[in-house]
Amino acid sequence: DAKTTQPPSMDCAEGRAANLPCNHSTISGNEYVYWYRQIHSQGPQYIIHGLKNNETNEMASLIITEDRKSSTLILPHATLRDTAVYYCIVRELWGTDKLIFGTGTRLQVFP
Amino acid sequence: EPEVTQTPSHQVTQMGQEVILRCVPISNHLYFYWYRQILGQKVEFLVSFYNNEISEKSEIFDDQFSVERPDGSNFTLKIRSTKLEDSAMYFCASNRVDNEQFFGPGTRLTVL
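In order, the protein sequences belong to chains G and D.
So in my numbering, spot 11 of the first sequence is number 11, and the numbers just go up one at a time.
So in my numbering, spot 20 of the second sequence is number 20, and the numbers just go up one at a time.
Have a look at this one:
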C-alpha cells in the first residue's frame, strides 16, 4: 500500500500557484519523496524529488517539513496543461525500489 | 532528450491469445520495470528487472507473465494466455542506479 496520503482533488486558477500537500508520516530515513504526474492516460511523468532539503527545478518546488512527515509540491504559475493527477511517492533513491502509486490528487486548473 | 519508447501503442487480442509488449528503455539505464493501470484505477507495479533477472514481482505477476531482455536494447512483457481482466494500460519504466524512473507512453491492451 502507498505510504502517502493526498487530498483527492484540488482546483487552481490559471496563473496562480498550485500547492499540493502530501502526508508521509511513516517515511524512513533513507526514503526520498518523489512527485510524479499523469496527464489523462499517459505515462507518469517525473516532476521532482527530495530527501530533506527544499528543492526547485524548472517544473516545480518541493517543500519538505523539518520532521519529514509531510511535503508540499508547488507549481508556481499553473497553466491549463498542468491539469493532471499528481502522485506523491516515497522511495529509496538507489537500486530497484519500485514506485507504489496511491490515488493521487486530481488537480484541475481553470481559466 | 532520451526517452522510453513502447510498441505498439494499442494492442487488441482475443482471450487466450499470447501478446508481447515491447519497450526500449533509455540506453544507459540498468533497472527496468513494468506497471499496469486498469481503466480508472491506480498504477500498479508488476515486475522489476536488473542484471538479466527479475528483482521483484508483485502478486499480479503470475505464471502467465514473463519478461525478457532479448538484446541490448529491448525489454519485453509477455502474457501467455490473455484474460479479459488483463485489459489495461501497460507502462514500461527504467532508471540508472541513482535516479528517478522514467516512464514510456504505455501500451493499451484490449482483450476481447
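Cβ atoms here follow ideal geometry from the backbone N, Cα and C, with glycine treated the same way.
Everything numeric in this text was worked out from a predicted model, so none of it was measured.
- Interface annotation for the region 65-93 of chain D against chain G: 89, 91, 92, 93, criterion Cβ-Cβ distance under 9 angstroms.
- The closest CA to that of residue 26 (chain D), considering only D:102, D:112, D:106, D:110, is found on D:102.
- Per DSSP, the beta-bridge partners of residue 105 (chain G) are G:86.
- Look at residue 31 (chain G) here: in three-state DSSP terms it is strand.
- Not a single C-beta of chain G is nearer than 8 angstroms to the C-beta of residue 27 (chain D).
- Using a Cβ-Cβ cut-off of 8 angstroms, residue 100 (chain D) counts as an interface residue toward chain G, since at least one Cβ of chain G sits closer than that to its own.
- Using a Cβ-Cβ cut-off of 8 angstroms, residue 29 (chain G) does not count as an interface residue toward chain D, since no Cβ of chain D sits closer than that to its own.
- Listed in chain order, the positions of the region 1-23 of chain D with a beta carbon within less than 7 angstroms of a beta carbon of chain G would be empty, since no residue qualifies.
- With respect to the C-alpha of residue 73 (chain G), the residue from G:21, G:45, G:98, G:105 having the closest C-alpha is G:21.
- Rounded to the nearest whole angstrom, the C-alpha separation of residue 43 (chain D) and residue 105 (chain G) is 14 angstroms.
- Excluding residues up to 5 positions away in sequence, 23 lie with their Cβ nearer than 6 angstroms to the Cβ of residue 5 (chain G) in the same chain.
- Across the set D:80, D:74, D:111, the C-alpha of D:80 shows the shortest separation from the C-alpha of residue 65 (chain D).
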